[in-house]
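J.:
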Amino acid sequence: MKRLFGNHVNRAPRSPAMRIILRTIRESIAQAFGQLRANKLRSFLSLLGISIGIFCIIGVLSAVDSLEDNVRGSLEKLGNDIIYVKKWPWADLSDSWWDYLKRPNPDHSDYEVIKEKSRYASLTAFHVVIGFKTLKYKSNSVENAVLIGCSDNFSEMFKIEYDQGRYFSPVEYHYGSPKAILGYKVMEELFGSLDPIGKTIKLAGRNYEVIGVIEKAGKDLLNPLDFDECILVSYPNARTLANLKANQIFDTSVTVKAASGVPLDQLKDEVKGIMRSHHRLRPRGTDDFSLNELSMISSFFDSFFNILNLLGIVIGAFAMLVGGVSVANIMFVSVKERTNIIGVKKALGAKRYIILMEFLIESIMLCIIGGLIGLLLVHFITKILTAAIDFNLYLDAGNIILGLVCSISIGVIAGFIPAVQASKLDPVVAMRQGS
Amino acid sequence: MQQPIISTRQLRKIYIMGATQVNALQSVDIDINKNEYVALMGPSGSGKSTLMNLLGCLDSPSSGEYWLNGTNVSTMTDGDLAEVRNKEIGFVFQTFNLLPRLSALENVALPLVYAGFSKHDRLERAREVMAAVGLGDRVDHKPNELSGGQRQRVAIARALVNNPSIILADEPTGNLDTKTSQEIMGIFEEIHQQGNTIILVTHEADIALHAHRIVRLRDGLVETDTRNENIVSFLNPA
Chain R
1 MKRLFGNHVN RAPRSPAMRI ILRTIRESIA QAFGQLRANK LRSFLSLLGI
51 SIGIFCIIGV LSAVDSLEDN VRGSLEKLGN DIIYVKKWPW ADLSDSWWDY
101 LKRPNPDHSD YEVIKEKSRY ASLTAFHVVI GFKTLKYKSN SVENAVLIGC
151 SDNFSEMFKI EYDQGRYFSP VEYHYGSPKA ILGYKVMEEL FGSLDPIGKT
201 IKLAGRNYEV IGVIEKAGKD LLNPLDFDEC ILVSYPNART LANLKANQIF
251 DTSVTVKAAS GVPLDQLKDE VKGIMRSHHR LRPRGTDDFS LNELSMISSF
301 FDSFFNILNL LGIVIGAFAM LVGGVSVANI MFVSVKERTN IIGVKKALGA
351 KRYIILMEFL IESIMLCIIG GLIGLLLVHF ITKILTAAID FNLYLDAGNI
401 ILGLVCSISI GVIAGFIPAV QASKLDPVVA MRQGS
Chain U
1 MQQPIISTRQ LRKIYIMGAT QVNALQSVDI DINKNEYVAL MGPSGSGKST
51 LMNLLGCLDS PSSGEYWLNG TNVSTMTDGD LAEVRNKEIG FVFQTFNLLP
101 RLSALENVAL PLVYAGFSKH DRLERAREVM AAVGLGDRVD HKPNELSGGQ
151 RQRVAIARAL VNNPSIILAD EPTGNLDTKT SQEIMGIFEE IHQQGNTIIL
201 VTHEADIALH AHRIVRLRDG LVETDTRNEN IVSFLNPA
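Residue numbers (this note's numbering), protein chains in the order written: chain R, 1 to 435; chain U, 1 to 238.
1. Closest by CA to F289 of chain R, which one among R:S299, R:R282, R:R276, R:M296?
2. With burial defined as no fewer than 16 other Cβ atoms inside 10 Å of the residue's Cβ, what is the status of A145 of chain R: buried or exposed?
3. Would N246 of chain U pass as a contact of A109 of chain U if the rule is Cβ separation under 8 Å?
4. So what's S513 of chain R in DSSP terms, helix, strand or just coil?
5. Give me, in chain order, the residues of the same chain whose beta-carbon lies closer than 8 Å to that of N309 of chain R; leave out the 5 immediate sequence neighbours on both sides.
6. Along the segment 338-352 of chain R, what residues have a CB closer than 9 Å to any CB found in chain U?
7. Report the three-state DSSP secondary structure of I148 of chain R (helix, strand or coil).
8. Return the residue from the list R:V322, R:L360, R:I373 that minimises the CA-CA distance to G49 of chain R.
9. Output needed for I16 of chain U: all residues of its chain with C-beta closer than 7 Å, excluding positions within five of it in sequence on either side, in chain order.
10. Could you tell me which chain U residues have their CB closer than 9 Å to the CB of M431 of chain R, listed as they occur along the chain?
11. Kindly confirm or deny that the segment 200-218 of chain R and the segment 226-233 of chain R touch, where touching means at least three C-beta pairs closer than 8 Å.
12. Three Cβ pairs or more, each shorter than 8 Å: is that satisfied between the segment 318-336 of chain R and the segment 414-421 of chain R?
13. Taking P418 of chain R as the reference, which of R:D107, R:S141, R:C56, R:R352 has the closest Cα?
14. Roughly how far, in whole angstroms, is the beta-carbon of I187 of chain U from the beta-carbon of V232 of chain U, given that I think they are within contact range, below 8 Å?
15. With burial defined as no fewer than 16 other Cβ atoms inside 10 Å of the residue's Cβ, what is the status of H174 of chain R: buried or exposed?
16. Roughly how many whole angstroms lie between the Cα atoms of H212 of chain U and T20 of chain U?
17. According to DSSP, I166 of chain U sits in a beta bridge with which residue or residues?
18. Pull out every residue of the segment 392-421 of chain R whose Cβ sits closer than 9 Å to any Cβ of chain U, in chain order.
19. Quick one: using the 10 Å Cβ neighbour count with 16 as the cut-off for buried, is F126 of chain R buried or exposed?
20. Per DSSP, what kind of secondary structure is F300 of chain R in: helix, strand or coil?
21. Taking 8 Å as the threshold (beta carbon to beta carbon), is E229 of chain U in contact with chain R?
22. Residues of the segment 107-121 of chain U with a CB closer than 7 Å to any CB of chain R: list them in chain order, please.
23. For D137 of chain U, which residues in chain R fall below 9 Å Cβ to Cβ?
24. Would P43 of chain U be called buried (16 or more neighbouring beta carbons within 10 Å of its own) or exposed?
25. Which residue's Cα is closest to the Cα of K102 of chain R: R:T286, R:L356, R:S66?
26. Counting only Cβ pairs nearer than 9 Å, list the residues of chain R close to E83 of chain U.
27. Pull up the DSSP beta-bridge partners for A125 of chain R, would you.
28. Could you tell me which of R:P236, R:A430, R:N80 sits nearest to G261 of chain R, measuring between CA atoms?
29. Would you tell me roughly how many angstroms separate the C-alpha atoms of N228 of chain U and D29 of chain U, rounded to the nearest one?
30. At a CB-CB cut-off below 8 Å, which residues of chain U make contact with I354 of chain R?
31. Quick check on the DSSP output: what are the complete alpha helix (DSSP H) runs of length 4 or more inside the segment 275-342 of chain R, in order along the chain?
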């Protein structure tokens with residue numbers, strides 16, 4: 001005892017500020033958990049708002065992200081570098097519906113002209129959707145199979161994969177041989193477990209030999225290239241099946257793929273010129289065809305997803321507001337309860353910023369815990385939904401970080417006023433309270 | 001002539017309570033030298049608590065000067081005052097004011113946290129001081145697991161841990177029984193013998209008799225300032 005009192009130990013503190021801050025952070029985190037443990041119900045109710053807010057925002061953003069990915073992935077199959085020359089535009093039907101209706105369908109001659117004249121195209125194809133037909137194999141039949149007449153490079157254009165068999169050979173194509181390629185579902189219904197290749201089916205009273213089966217389409221929400229319920233025949237053959245000159249009734253497309261390195265706009269300009277001169281349009285006359293591209297569909301989806309996102313953010317923001325208010329409330333109570341301790345700490349030399357930090361960190365911790373609960377909820381629900389509806393919903397790292405950043409921000413905002421109040425307490429007055 | 005460790009000149013504190021002004025401290029001139037053991041006495045309302053708060057840098061005077069260890073602290077900002085409290089002053093309160101969630105050792109080490117010592121240094125130093133007040137075997141106990149006397153010892157250890165220039169004890173025996181009070185006063189005497197400066201605020205005459213100098217306050221003024229001729233000591237029984 002004698003040795004110690006009055007003996008001045010002169011150990012110089014090393015980087016004191018950092019140490020104080022670290023210590024305060026550690027203590028505040030412990031304080032936050034203590035607060036949670038001590039007042040389970042109160043804390044839980046307060047955190048619920050934050051949890052629900054984060055759940056709404058991140059839940060909707062995750063759902064939209066997943067949807068968007070899925071839809072975009074599907075649209076991608078249509079090709080970023082492909083122009084669809086069609087009668088109808090994909091977007092902007094605006095007021096000239098009647099004008100569009102009066103247009104001719106792009107036909108085989110348009111295809112041939114573009115194929116011959118375009119310098120920027122790497123590939124040009126043509127297909128005509130003729131309509132629903134009934135197919136028969138022995139006693140089995142399939143109704144409403146979609147009959148499509150395709151040009152020779154249609155398969156190459158859309159990178160069609162085959163479950164079995166192949167596309168039309170050049171000779172088969174040239175002579176319009178009675179050969180057909182089936183979609184997966186059509187094949188299944190017609191043949192069951194039998195091997196379809198080489199079998200003869202009946203289409204419109206004629207015999208066709210099955211030479212290929214197209215791979216089953218994926219499970220995407222949107223599947224623009226779903227051939228499952230289709231039957232493909234060569235264009236020369238299709239011409240003998242239907243009067244394609246009466247072209248108003250069919251849906252025809254000339255598809256033009258840009259050569260590598262050629263901007264789509266450049267190809268568009270070229271195709272436009274070719275089409276206009278081929279259709280002998282006057283310089284001031286309007287186009288009688290539409291040049292469609294993927295971005296037209298994507299931009300529609302963009303605005304759709306933006307609205308969904310906005311909805312989630314608005315709902316979530318209100319929930320977060322409520323959550324923030326309840327966290328602020330819990331923090332005010334916390335300051336009241338610990339007034340005496342704050343006073344003692346200040347008397348012992350704790351500066352304002354230490355007290356401020358202590359409460360701010362506590363508030364942030366509470367909000368992070370609330371946010372994590374919300375994120376966990378989103379995680380489990382995405383897992384359940386993915387398992388239940390066979391569609392890949394996921395919570396990605398970006399959204400987790402966003403959720404945590406939101407929580408931290410709410411923590412700072414909600415905790416700020418109580419923390420400032422605590423830091424400004426007069427130590428004398430504070431110590432007198434409830435000791 | 002030795003420079004006093006505490007020196008106040010016309011120290012004045014006015015509280016404004018709504019429309020009325022309360023002159024808690026009129027004008028106090030007091031000098032306290034190093035290693036003095038001073039008792040501040042006075043009935044309630046005499047201003048002794050106010051003076052103690054000012055001397056403890058817990059509050060700033062309305063006017064006048066307060067020199068602590070050669071620096072004028074009467075014009076300091078909040079943050080600077082916190083630092084002065086941390087480095088120069090050790091507080092012992094009537095109600096102990098220990099943090100309930102921390103162990104005795106952590107309570108003692110708390111001022112060192114704000115001084116920025118490393119954890120190792122803090123705990124080592126705190127352990128030493130705990131041992132010195134006779135609580136070497138109680139370091140891991142929480143305050144509510146200790147008796148009143150033990151709690152006050154923890155508080156004294158906390159006051160000593162930073163090697164302060166002055167120890168300010170505000171009614172340190174107010175919540176303790178006679179026997180424990182005597183123990184605590186014994187510790188103060190030892191601390192004083194080791195060269196520490198002690199200011200004891202009390203309204204109990206027998207407690208004040210332990211001090212070597214007694215300052216009586218009345219109505220915010222120093223009434224008497226006398227040497228204590230019959231010091232009561234537990235260390236050197238007469």
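Glycine is no exception: its CB is placed at the ideal position from the N, C-alpha and C atoms.
T.: The short version:
1. The residue given as residue 289 of chain R occupies position 289 in the first sequence. For F289 of chain R, the nearest C-alpha among the options comes from R:R276.
2. The residue given as residue 145 of chain R occupies position 145 in the first sequence. Buried, by the Cβ-count rule.
3. Given a span of 1 to 238 for chain U in the structure shown, any question on residue 246 of chain U remains unanswerable.
4. No answer is possible for residue 513 of chain R: the residues shown for chain R start at 1 and end at 435.
5. Counting from 1 along the first sequence, the entry for residue 309 of chain R is found at position 309. Counting only residues of its own chain and dropping the five nearest sequence neighbours on each side, N309 of chain R has a CB closer than 8 Å to the CB of V60, L61, V64.
6. Within the segment 338-352 of chain R, the qualifying residues are N340, I341, G343, V344, K345, K346, A347, L348, G349, A350, K351, R352.
7. For this step, residue 148 of chain R is matched to residue 148 along the first sequence. Strand.
8. Counting from one through the first sequence, the residue named residue 49 of chain R turns up at place 49. With distances taken between Cα atoms, G49 of chain R lies closest to R:V322.
9. Against the second sequence, residue 16 of chain U aligns to sequence position 16. Counting only Cβ-Cβ distances below 7 Å, and skipping sequence neighbours, we find nothing.
10. Within the first sequence, numbered from 1, the residue matching residue 431 of chain R stands at position 431. Correct list: L58, F93, T95, N97.
11. A contact between stretches requires three or more CB pairs, one per stretch, nearer than 8 Å, and the segment 200-218 of chain R meets this requirement with the segment 226-233 of chain R.
12. Touching, yes.
13. Counted from its first residue, the first sequence places residue 418 of chain R at position 418. Looking at the Cα atoms, R:R352 is the closest of the given residues.
14. As a position in the second sequence, residue 187 of chain U is number 187, starting the count at 1. As a position in the second sequence, residue 232 of chain U is number 232, starting the count at 1. Contact flag wrong, Cβ pair sits at about 14 Å.
15. Along the first sequence, one-based indexing puts residue 174 of chain R at 174. Its Cβ having fewer than 16 others within 10 Å, H174 of chain R is exposed.
16. Residue 212 of chain U sits at position 212 when you count from the first residue of the second sequence. Residue 20 of chain U sits at position 20 when you count from the first residue of the second sequence. Distance from the CA atom of H212 of chain U to the CA atom of T20 of chain U, rounded to whole angstroms, is 38 Å.
17. Here residue 166 of chain U corresponds to residue number 166 of the second sequence, with the count starting at 1. The partner list for I166 of chain U (beta bridge, DSSP) reads U:I89, U:T197.
18. Under the 9 Å Cβ criterion, the segment 392-421 of chain R contributes no residue.
19. Residue 126 of chain R sits at position 126 when you count from the first residue of the first sequence. So F126 of chain R counts as buried.
20. Locating residue 300 of chain R in the first sequence gives position 300, where the first residue counts as 1. Three-state result, F300 of chain R: helix.
21. To locate residue 229 of chain U, count along the second sequence from 1; it is residue 229. Taking 8 Å as the threshold, the shortest C-beta distance from E229 of chain U to chain R does not fall below it.
22. So the close ones are L110, P111, V113, Y114, A115, G116, F117, S118, D121.
23. Translated into positions along the second sequence, residue 137 of chain U becomes position 137. Result: empty, since nearest Cβ-Cβ is about 15 Å, beyond 9 Å.
24. Here residue 43 of chain U is taken as the residue at index 43 of the second sequence, counted from 1. Counting of Cβ neighbours within 10 angstroms places P43 of chain U among the exposed residues, the total staying below 16.
25. For this step, residue 102 of chain R is matched to residue 102 along the first sequence. For K102 of chain R, the nearest C-alpha among the options comes from R:T286.
26. Against the second sequence, residue 83 of chain U aligns to sequence position 83. Listed along chain R are G349, K351, each with a C-beta nearer than 9 Å to that of E83 of chain U.
27. Translated into the one-based positions of the first sequence, residue 125 of chain R becomes position 125. For A125 of chain R, which the question treats as bridged, DSSP gives the partners R:T255.
28. In the first sequence, counting from the first residue as 1, residue 261 of chain R sits at position 261. That would be R:N80, whose Cα lies nearest to the Cα of G261 of chain R.
29. Translated into the one-based positions of the second sequence, residue 228 of chain U becomes position 228. Translated into the one-based positions of the second sequence, residue 29 of chain U becomes position 29. Looking at the two C-alpha atoms, the distance is approximately 19 Å.
30. Your numbering for residue 354 of chain R matches position 354 in the first sequence. Against chain U, the beta carbon of I354 of chain R has neighbours under 8 Å at Y114, listed in chain order.
31. Runs of the alpha helix (DSSP H) inside the segment 275-342 of chain R: 294-337.
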